[in-house]
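Just so it is clear: in the sequence shown, position 405 is 409 by the working numbering, and no numbers are missing. Below: the structure, in structure tokens.
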Amino acid sequence: MLKKNIGTIIVDEDNSPNPEQFSFVLTKTEEEFQLQKGMYVVVPTEDGDVLANVIELYKTNRYFSSPSAVRAYETSGKTLASIFPADRWEYIIAKAKPLGIITEIGIQRLLFPVSPGENVSIPDNKTLIKFLGLEKENGLNIGKIEQHDLTVRLNLTRFLQKHAAILAISGAGKSYAVSVFLEELLSRKADQGRVAIVLFDVHGEYKGFGDEKSPFFKDVNVFPGGLIQFATSSMSARQFAIYQPQITSAQSRDLSKILSQFYHDKVKQGKSYVIGDIIEELEKNEQMNTRSKEALIGWLYSLENTRLFGAAQNPDLRNILKPGKITIFDLSDFTSIKLKQMIVSYLLYRIFEMRKKNEVPPTTVILEEAHQFVPEARLELAISKSIIETIAREGRKFFTSLILVSQRPVKLSTTALSQCNTHVIMRILNPYDLDYIGRSSEGIDRSTMNSITSLGVGEAIIVGNAVNHPIFVKIRKRKTTTLETRTLEESAKNFEA
Ligand SMILES: Nc1ncnc2c1ncn2[C@@H]1O[C@H](COP(=O)(O)OP(=O)(O)OP(=O)(O)O)[C@@H](O)[C@H]1O
Ligand SMILES: [Mg+2]
């Protein structure tokens with residue numbers, strides 16, 4: 005291992021080395037080496053290299069440690085530094101928190117203290133990559149750990165086999181980070197392993213990926229929300245009740261009878277049907293309680309009015325879910341949150357069913373404004389909540405992963421969020437959101453939590469399954485510029501005469 009020796013472990017007055025913390029004095033001058041908070045250091049021991057994180061840095065100088073002496077000198081008209089070589093006695097002490105030890109049998113927790121007098125060095129990037137659980141080449145290049153000039157490449161399986169959440173206040177860089185993930189996913193070659201990607205674009209901000217000028221053009225399918233059609237004949241009474249929760253269980257049973265009759269008379273003969281056919285059949289039915297029947301017809305009419313229910317499904321998911329390809333469902337024209345939830349719900353049901361039967365490749369679904377689709381509050385009836393929570397719980401077994409993006413983590417379903425094993429946390433200020441994240445992120449410690457409020461735009465903390473330890477990443481610049489990344493001046497020019 006290439007090491008840059010920078011300091012020596014000391015016995016601090018109140019803090020002798022222990023398994024949780026140790027201090028060291030920097031033996032390099034500031035010109036020779038600038039140690040920063042958050043950097044990684046390494047201490048060689050007999051059992052292996054101990055990796056640690058610098059959590060505190062302070063300067064000290066024995067000449068200035070006695071307030072009475074400093075005052076006496078300074079009030080006498082002379083400065084301490086003019087009488088004594090005080091500047092030569094200034095030094096920097098760092099406190100570091102051991103993260104683990106690289107032994108012959110792998111990375112383990114440190115159970116014993118490092119020794120005073122041991123050398124402290126800066127680890128080379130190869131060691132850091134191994135220790136942090138990153139990839140050397142094949143991973144998703146999302147940015148850098150700047151202090152070490154280390155490119156962060158996340159392992160695809162570790163990141164996407166389970167689910168992930170991207171959480172931050174508005175403007176912190178969530179959608180930008182999603183675009184970087186997309187560029188990485190779309191750049192992968194077949195032999196590197198690729199997933200099919202589905203993105204629900206509620207603000208129409210990803211359309212640029214499908215622009216003819218985009219280098220990813222041929223792998224991107226932007227599907228206008230207005231063209232989405234549900235196959236009415238594929239829907240059970242229970243599913244109708246999900247879209248129209250007022251439907252009672254008695255009504256649902258009556259509906260079910262008609263649907264199974266249609267299945268025999270129509271579907272089995274290769275024919276399909278629409279909601280109008282169901283309503284017609286209901287109207288003929290004389291056994292049903294009239295009030296109940298009329299109410300059910302009313303619910304079905306309002307579903308028909310959404311114009312989402314047709315004879316056949318559009319798009320055919322079998323044709324668009326392909327490895328290395330992305331389908332962007334552009335929902336920006338819908339103002340009704342209920343309609344958006346219905347679309348997300350329908351498509352996720354289909355995708356998950358098809359994944360269970362292995363009819364489509366492993367799929368990753370990216371959901372912006374996730375708190376609107378899978379809210380925590382019971383009162384906010386969200387049609388898409390149950391399928392998202394189901395995929396959150398069971399998706400892993402069927403390689404169906406979710407990336408939930410939200411600026412209000414506290415409003416996001418606990419069930420869904422707790423199944424997100426990787427959290428990409430960007431700037432967050434709201435104390436309730438912070439507290440919620442602290443409770444739902446595994447392996448996030450106090451000092452990491454404290455730094456969330458001071459993150460800048462484009463800076464992220466990644467914790468959880470994708471990495472061995474929380475890391476601070478500066479998300480890289482996008483390789484592609486699209487409509488959304490144009491400046492205000494450029495956008496305004498289009499409207500000039
Ligand atoms: N990694 C980055 N590098 C450079 N600029 C960035 C980066 N991340 C974000 N930005 C800038 O910040 C702006 C806001 O980012 P973005 O749209 O991703 O925020 P957001 O978190 O998705 O906000 P909202 O919740 O409102 O959707 C971007 O348009 C871009 O100019
Ligand atoms: Mg956004």
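Beta carbons: idealized from backbone N, C-alpha and C, even for Gly. Note that the structure is predicted; figures quoted are calculated from it, not measured.
| Check | Outcome |
| --- | --- |
| Distance check for residue 364 and residue 402, CA to CA, integer angstroms please. | 11 Å |
| Below 8 Å, can you find three or more Cβ-Cβ pairs linking the stretch 147-164 to the stretch 372-390? | no |
| Does the distance between the C-beta of residue 178 and the nearest non-hydrogen atom of ligand 2 fall short of 7 Å? | yes |
| Starting from residue 193, trace the alpha helix (DSSP H) both ways and give me its first and last residue. | Note, residue 193: premise wrong, no alpha helix (DSSP H); not H, not E. |
| Which of helix, strand or coil does DSSP assign to residue 434? | coil |
| What is the DSSP secondary structure of residue 143, reduced to helix, strand or coil? | coil |
| Measure the Cβ-Cβ separation of residue 13 and residue 30 and say whether it is below 8 Å. | no |
| Do you know offhand how far residue 83's Cα is from residue 90's? | 10 Å |
| Does residue 172 come out as helix, strand or coil in the three-state DSSP assignment? | coil |
| State the Cα-Cα distance for the pair residue 449 and residue 320, rounded to the nearest angstrom. | 45 Å |
| State the Cα-Cα distance for the pair residue 100 and residue 155, rounded to the nearest angstrom. | 23 Å |
| Excluding sequence positions up to five away, which residues of its chain have a Cβ less than 7 Å from the Cβ of residue 308? | 279 and 280 |
| Residue 214 and residue 202: beta carbons closer than 8 Å? | no |
| For the candidate residues 85, 171 and 118, whose alpha-carbon lies nearest to that of residue 66? | 85 |
| If I measure Cβ to Cβ from residue 107 and keep anything under 8 Å in the same chain, skipping five residues before and after, which residues do I get? | 51 and 52 |
| Please classify residue 15: does DSSP put it in a helix, a strand, or coil? | coil |
| Hey, how far is the Cα of residue 398 from the Cα of residue 239? | 22 Å |
| What do you reckon, is the C-beta of residue 169 under 7 Å from a heavy atom of ligand 1? | no |
| Going by alpha carbons, who is nearest to residue 314 out of 414, 196, 39 and 230? | 230 |
| With distances taken Cα to Cα, identify the nearest neighbour of residue 428 among 439, 418 and 445. | 445 |
| Nearer than 7 Å: is that true of the beta carbon of residue 460 relative to any heavy atom of ligand 1? | no |
| Could you check whether the Cβ of residue 187 sits closer than 7 Å to any heavy atom belonging to ligand 2? | no |
| Could you give the uninterrupted runs of the beta strand (DSSP E) lying entirely in the stretch 20-103, keeping only those of 3 residues or more? | 26-30, 44-49 and 52-65 |
| May I have the straight-line CA-CA distance separating residue 58 from residue 27, to the nearest angstrom? | 9 Å |
| Using 8 Å as the Cβ pair cut-off and three pairs as the minimum, do the stretch 281-293 and the stretch 243-262 touch? | yes |
| My output table needs one value for residue 315: the three-state DSSP class, helix, strand or coil. | coil |
| Residue 393 by DSSP, collapsed to three states: which one? | helix |
| Any chance the stretch 449-469 sits against the stretch 189-201, with 3 or more Cβ pairs inside 8 Å? | no |
| Does DSSP put residue 121 in a helix, in a strand, or in coil? | coil |
| Mind reading off the beta-carbon distance from residue 358 to residue 247? Whole number of angstroms is fine, and I expect it under 8 Å. | With 8 Å as the limit, residue 358 and residue 247 do not qualify as a contact, their Cβ atoms being about 20 Å apart. |
| What are the boundary residues of the alpha helix (DSSP H) that includes residue 281? | 279-288 |
| Assuming residue 334 and residue 212 are in contact, meaning their beta carbons sit under 8 Å apart, how far apart are those beta carbons, in whole angstroms? | Actually they do not touch by this definition, with Cβ atoms about 11 Å apart. |
| Report the residue from 38, 81 and 17 whose alpha carbon sits nearest the alpha carbon of residue 61. | 38 |
| What does the Cβ neighbour count give for residue 457, buried or exposed, with the cut at 16 atoms within 10 Å? | exposed |
| Does residue 6 pass the burial test, meaning 16 or more other C-beta atoms within 10 Å, or should it be called exposed? | Residue confidence for residue 6 is low, a pLDDT of 48 falling below 50, so the modelled location carries little weight; the figure read from the coordinates is stated next. Counting Cβ neighbours within 10 Å, residue 6 comes out exposed, since fewer than 16 surround it. |
| If contact is defined by three or more beta carbon pairs under 8 Å, each pair taking one atom from either stretch, is the stretch 420-439 in contact with the stretch 176-188? | yes |
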